[in-house]
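Respectively, the protein sequence lines represent chains G and H. Taking this note's numbering, I'd label the letters of the first sequence as residues 41 to 413. Taking this note's numbering, I'd label the letters of the second sequence as residues 146 to 431.
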Amino acid sequence: MGYVAVTGGQKAIEHANDLTKYYRLKNADGVLNIKEIEAQFRLLIDRVMGEGGLYAPEYAALALKQAEGDPAEAAFLLRAYRSTLPRNHYSLTVEPSEMRVLRKISSSFKDIPGGQILGPTYDYTHRLLNFDLKNEETDVIKEFLADFELSSKVDGEDITTYGKVTDLLQQEGLVGNHSCEEVEPFDVTRDKLIFPASRSARLQILSRGETGAMTSFAYSSMRGYGVVHPTIGELRVGYTDVYIPYPYGEEDDSIYIGEIMVTEVETINSFAQNEQGNVEFLLGYGLTFGQNEVKAIAMAILERSLETEGTSPTQDEEFVLLHIDSVEAHGFVSHLKLPHYITFQSKLDRIREAKNTKQNNKTIEQAVTFNPF
Amino acid sequence: MKMEVAHTYNYAFLDEGSKREIRRSVLKAVAIPGYQVPFASREMPIGRGWGTGGLQITLSLIGEKDTLKVIDQGHDDSVNAVSIKRLVETCSNVRATENSEEATIIQTRHRIPEIPLRQDQILVLQVPLPEPLRRVEAKEKDTKRLHAEMDYSSIWLRLYEDIVKWGKITIGADYPSMVNGRYIFNPSPIPRYDLLKLHQANGLFLFGAGREKKIYAIPPYTDVKPLEFDDYPFEVENFDGLTCQSCGSKDVFLDEIYDAETGKKRYQCSDTGYCQTKQNERGSFV
Numbered sequence: 041m042g043y044v045a046v047t048g049g050q051k052a053i054e055h056a057n058d059l060t061k062y063y064r065l066k067n068a069d070g071v072l073n074i075k076e077i078e079a080q081f082r083l084l085i086d087r088v089m090g091e092g093g094l095y096a097p098e099y100a101a102l103a104l105k106q107a108e109g110d111p112a113e114a115a116f117l118l119r120a121y122r123s124t125l126p127r128n129h130y131s132l133t134v135e136p137s138e139m140r141v142l143r144k145i146s147s148s149f150k151d152i153p154g155g156q157i158l159g160p161t162y163d164y165t166h167r168l169l170n171f172d173l174k175n176e177e178t179d180v181i182k183e184f185l186a187d188f189e190l191s192s193k194v195d196g197e198d199i200t201t202y203g204k205v206t207d208l209l210q211q212e213g214l215v216g217n218h219s220c221e222e223v224e225p226f227d228v229t230r231d232k233l234i235f236p237a238s239r240s241a242r243l244q245i246l247s248r249g250e251t252g253a254m255t256s257f258a259y260s261s262m263r264g265y266g267v268v269h270p271t272i273g274e275l276r277v278g279y280t281d282v283y284i285p286y287p288y289g290e291e292d293d294s295i296y297i298g299e300i301m302v303t304e305v306e307t308i309n310s311f312a313q314n315e316q317g318n319v320e321f322l323l324g325y326g327l328t329f330g331q332n333e334v335k336a337i338a339m340a341i342l343e344r345s346l347e348t349e350g351t352s353p354t355q356d357e358e359f360v361l362l363h364i365d366s367v368e369a370h371g372f373v374s375h376l377k378l379p380h381y382i383t384f385q386s387k388l389d390r391i392r393e394a395k396n397t398k399q400n401n402k403t404i405e406q407a408v409t410f411n412p413f
Numbered sequence: 146m147k148m149e150v151a152h153t154y155n156y157a158f159l160d161e162g163s164k165r166e167i168r169r170s171v172l173k174a175v176a177i178p179g180y181q182v183p184f185a186s187r188e189m190p191i192g193r194g195w196g197t198g199g200l201q202i203t204l205s206l207i208g209e210k211d212t213l214k215v216i217d218q219g220h221d222d223s224v225n226a227v228s229i230k231r232l233v234e235t236c237s238n239v240r241a242t243e244n245s246e247e248a249t250i251i252q253t254r255h256r257i258p259e260i261p262l263r264q265d266q267i268l269v270l271q272v273p274l275p276e277p278l279r280r281v282e283a284k285e286k287d288t289k290r291l292h293a294e295m296d297y298s299s300i301w302l303r304l305y306e307d308i309v310k311w312g313k314i315t316i317g318a319d320y321p322s323m324v325n326g327r328y329i330f331n332p333s334p335i336p337r338y339d340l341l342k343l344h345q346a347n348g349l350f351l352f353g354a355g356r357e358k359k360i361y362a363i364p365p366y367t368d369v370k371p372l373e374f375d376d377y378p379f380e381v382e383n384f385d386g387l388t389c390q391s392c393g394s395k396d397v398f399l400d401e402i403y404d405a406e407t408g409k410k411r412y413q414c415s416d417t418g419y420c421q422t423k424q425n426e427r428g429s430f431v
């Protein structure tokens, strides 16, 4: 009986829920431990935290476990949880120039202050399946970790801060030296986005955007449907301190609340003449939670692209900002799975009427457009 | 699930600040019938596009004394309706019902119950696309200006072009209408049949679009007029001469069902709550 099969509600849902649990566990030798997911799926955790807009590695790991590893579903779980949390403070502006750097590279300069630091990256690995991973043993892992930590400085207090590449360009007057005030940002989780969007709103949407969608859009700009094809001035990954204003103190008082790992990208684009008549480079900016390099680069490209007048899709603010959100795109595309027989009945009625009216005209030139909501 | 939600989350899921903000947007929407009030839509534990706008309104309004009915396509038992109902039940103490006359709040997708709303009832509609002018203008910036200037020529032109090409207006559900002589609005994808129930109604209709972050309202006793030309009047879906196979009702919105075995076409009330009541009244269980 067609659509009637999808009703039956309560029991069907309960059974479907049990089935997902069954499919999640059916071939399991042991249960996945949240701590291990957090530690060993580090990049996926970073991605989910970025798209979920919530810096909480443990909860991201839990969400991934619950979602059988689907990043979109995990980001969705985090967002839904996040929306129940009260908003108590806005942090002070984070200073990535004071970041404790794990990794920093520049493709614009051969050498940069402090040198190029590769840090943890897959960029130079050969993408060959490593079959040794099938049989990793705890003892061997422990031995490797102990040896490595003895011989190297990792993740400890030895990590230092470095000046930024764009500061060099700024000293030479090659990039704009715009001052900006510390103002409370437009909060996209508390206000509806309006167009044209403020810069802080734009950056927030980009920062929470879906990695794949942003990569595609940025790619389209680089390979012909756009004007932005930058050089990376600097990409850096590291820990940065977060402060909130002290609620009862003087204007400058602040409280340290912890640190977060971020990826920051500054891209250098073509140059232009500024309002004062000086010629300077145009920069693009990307910042994401965790180590999320391709997304941060894509963000810098799209950010620059949106600052540039033009007709390509990536220069259209509404087009970019409204379509890169994983939760919204995922939700609306998946709603097509819900039954639609009321609207379809309405449409059937229309096509029959239109058919009767057009009886004498045998050729229907064009299909009627219809919105299946 | 029940334990976790009850212990970890606030009453009715959203925090009190969020609920207050949504209620303020609702009040503004009621004050300006048909105007799309932007609001800071939260991510909800159901999919964006699965009724989060309606759900946020419901959760921000609902209290201990309320009785809730949730319908999807007319069905109380449709999977998404059941899922939403369960979520509200899990995070509040609200009682659910299938009888629209018992409910104080009815959240719905696609249908308005056959029995007219009373003054003390609120119907919350889930809205996929709140902007009626989206059919003719892709950009929000421009549609906002068109509404402000009451420049609705492009949507009228769209209807005219339909008539030239098809001899009929081809918009099915979600038929654009004028509210209180000021704003054109989308009634959410209710069938044209249900649209007439909004005009000078006794109850309050609230529309929530979660993904698009807008709330709007049709207050009681407000004019709602479908867009139509004098010589091409508005038409509702036609069920002349058809009756429900289960309760025998005429003059209701019917689902068209194909029998899987015989391939024969049959008709049945789309409003399952109404159909059940009628069957009980007539003592006939088919």
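Note that beta-carbon positions come from the ideal geometry of N, C-alpha and C, so glycine has one too.
Supposed contact pair residue j and residue i - C-beta distance, whole angstroms, cut 8 Å
i: T354 of chain G; j: F257 of chain G; result: 5 Å
i: G418 of chain H; j: P190 of chain H; result: Contact doesn't hold; Cβ gap of about 26 Å is too wide.
i: S146 of chain G; j: G324 of chain G; result: With a Cβ gap of about 14 Å, S146 of chain G and G324 of chain G do not count as contacting.
i: K358 of chain H; j: P178 of chain H; result: With a Cβ gap of about 19 Å, K358 of chain H and P178 of chain H do not count as contacting.
i: I20 of chain G; j: L104 of chain G; result: Examination of residue 20 of chain G is not possible in this model, given that chain G is present from 41 through 413 alone.
Chain G residues whose Cβ lies nearer than 7 Å to that of residue i
i: Q218 of chain H; result: P379, Y381, I382
i: V227 of chain H; result: G49, Q50, I53
Short Cβ contact (8 Å threshold) for residue i with residue j
i: G194 of chain H; j: F384 of chain G; result: no
i: D211 of chain H; j: V239 of chain H; result: yes
i: A312 of chain G; j: G326 of chain G; result: no
i: G121 of chain G; j: Y99 of chain G; result: Looking at the sequence shown, residue 121 of chain G is not Gly but Tyr. For Y121 of chain G and Y99 of chain G, yes; Cβs fall inside 8 Å.
i: F398 of chain H; j: P321 of chain H; result: no
i: I329 of chain H; j: P277 of chain H; result: yes
i: G90 of chain G; j: F329 of chain G; result: yes
i: P285 of chain G; j: S294 of chain G; result: yes
i: F414 of chain G; j: V180 of chain G; result: Outside the displayed range of chain G (41 to 413) lies residue 414 of chain G, so it cannot be described from this structure.
i: V367 of chain G; j: E188 of chain H; result: yes
i: T251 of chain G; j: V334 of chain G; result: yes
i: I53 of chain G; j: S237 of chain H; result: no
i: L262 of chain H; j: Q201 of chain H; result: no
i: P126 of chain G; j: G162 of chain H; result: yes
i: A101 of chain G; j: A107 of chain G; result: no
i: P275 of chain H; j: N225 of chain H; result: no
i: L382 of chain H; j: Y412 of chain H; result: According to the sequence shown, residue 382 of chain H is Glu rather than Leu. Not closer than 8 Å, so no.
i: T197 of chain H; j: S186 of chain H; result: yes
i: Y381 of chain G; j: Q421 of chain H; result: no
Chain-ordered neighbours of residue i on chain H, where CB pairs are closer than 7 Å
i: H375 of chain G; result: G192, G194, W195
i: V367 of chain G; result: E188, R193
i: P126 of chain G; result: D160, G162
i: A120 of chain G; result: E188, M189, P190
i: T229 of chain G; result: A185
Residue interval of the beta strand (DSSP E) (run including residue i)
i: C414 of chain H; result: 410-414
i: F311 of chain G; result: 294-313
i: R140 of chain G; result: 140-145
i: I364 of chain G; result: Premise fails: I364 of chain G is in no beta strand (DSSP E) and is neither H nor E.
i: S322 of chain H; result: 322-324
i: Y305 of chain H; result: Run containing Y305 of chain H: none in the beta strand (DSSP E); it sits in the alpha helix (DSSP H), 298-311.
i: L323 of chain G; result: 319-329
Chain-ordered neighbours of residue i on chain G, where CB pairs are closer than 9 Å
i: S415 of chain H; result: Y381, I382, Q385
i: D211 of chain H; result: Neighbours of D211 of chain H on chain G: none; closest Cβ ~21 Å, over 9 Å.
Segment limits, alpha helix (DSSP H) that includes residue i
i: G92 of chain G; result: 82-92
i: G154 of chain G; result: Run containing G154 of chain G: none; DSSP gives neither H nor E here.
i: D287 of chain H; result: 285-293
i: V205 of chain G; result: 205-211
i: R119 of chain G; result: 111-122
Residue i: contacting residues in chain H (beta-carbon distance under 8 Å)
i: D389 of chain G; result: G317, E382, N383
i: K398 of chain G; result: W311, G312
i: S123 of chain G; result: L159, S163, R187, E188, M189
Within chain H, the residues that residue i reaches when beta carbons sit closer than 9 Å
i: A496 of chain G; result: Past the edges of chain G, shown from 41 to 413, lies residue 496 of chain G, and the structure says nothing about it.
i: R358 of chain G; result: Checking the sequence, you will find Glu at residue 358 of chain G rather than Arg. Those are A283, K284, E285, K286, listed as they occur along chain H.
Partners in chain G for residue i, counting only beta-carbon separations shorter than 8 Å
i: P258 of chain H; result: In chain order: nothing, as chain G lies at least about 13 Å away.
Contact the region 340-353 of chain H vs the region 264-279 of chain H: 3+ CB pairs below 8 Å: yes
At least 3 beta-carbon pairs within less than 8 Å: the region 227-239 of chain G vs the region 267-283 of chain G: no
Three-pair Cβ contact test at 8 Å for the region 132-140 of chain G versus the region 276-288 of chain G: Yes, the region 132-140 of chain G touches the region 276-288 of chain G.
The region 213-231 of chain H / the region 245-256 of chain H touching (three or more Cβ pairs under 8 Å): yes
Three or more C-beta pairs below 8 Å linking the region 247-266 of chain G and the region 342-359 of chain G: Yes: at least three Cβ pairs fall under 8 Å.
Stretch pair the region 291-307 of chain H + the region 365-378 of chain H: three plus CB contacts closer than 8 Å: Enough Cβ pairs lie closer than 8 Å, so yes.
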